[in-house]
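Below: the structure, in structure tokens.
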Amino acid sequence: MKIYKVKPLLFFLLLIFSCENNVGPNREGTAEVAISVASRGGYQFLIEFDGDLYFPENLPEEFRVVSQEPIPVNIKFQILDKKEDIFQPAPNDVPIFLMSVPVINILSIEKIKSIS
Numbered sequence: 001m002k003i004y005k006v007k008p009l010l011f012f013l014l015l016i017f018s019c020e021n022n023v024g025p026n027r028e029g030t031a032e033v034a035i036s037v038a039s040r041g042g043y044q045f046l047i048e049f050d051g052d053l054y055f056p057e058n059l060p061e062e063f064r065v066v067s068q069e070p071i072p073v074n075i076k077f078q079i080l081d082k083k084e085d086i087f088q089p090a091p092n093d094v095p096i097f098l099m100s101v102p103v104i105n106i107l108s109i110e111k112i113k114s115i116s
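Taking the UniProt record's numbering, the leading residue of the sequence shown gets 1, the next gets one more, and so forth.
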């Protein structure tokens, strides 16, 4: 076999094996609803999923609980093409920028019942 016939085959194999798996538009699994304090009386509710933070644009009111403990949930969501700024409190009680996180649209969410 001549070398010029092998090059296209090698290129094609390299192309196939270098492709990433598509995770799909929707993600689902176990997550936590956490609270971020922006200032006195100002809160931002976030979703922590696989070590990453997301800002839910449609978090149901029952999950908007001011608590120090995160709420474990089963969630299915879609990542949108926008970001939301997260703030932290400053000594003068004016929120200052902390970071930007992706915005998500929650498709389904339910609390994980604790075994007690």
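Beta carbons: idealized from backbone N, C-alpha and C, even for Gly.
Residues sharing a beta bridge with residue i, DSSP
i	result
Asp52	Phe49
Asn105	Gln78
Ala90	Per DSSP, none; premise fails for Ala90.
Supposed contact pair residue j and residue i - C-beta distance, whole angstroms, cut 8 Å
i	j	result
Glu110	Val73	6 Å
Val33	Ile71	4 Å
Val101	Tyr43	Going by Cβ atoms, the distance from Val101 to Tyr43 rounds to 15 Å, so no, they are not a contact pair.
Ile104	Pro56	5 Å
Rounded C-alpha distance that separates residue i from residue j
i	j	result
Lys82	Met99	13 Å
Arg64	Asn58	11 Å
Gln68	Ile35	8 Å
Own chain, CB closer than 6 Å to residue i, minus 5 neighbours either side, in chain order
i	result
Ser39	Pro89, Asp93 and Pro95
Contact set for residue i: own chain, Cβ-Cβ below 7 Å, skip 5 residues either direction
i	result
Ala31	Ile47, Glu48, Phe49, Val73 and Ile75
Leu107	Asn26, Lys76, Phe77 and Gln78
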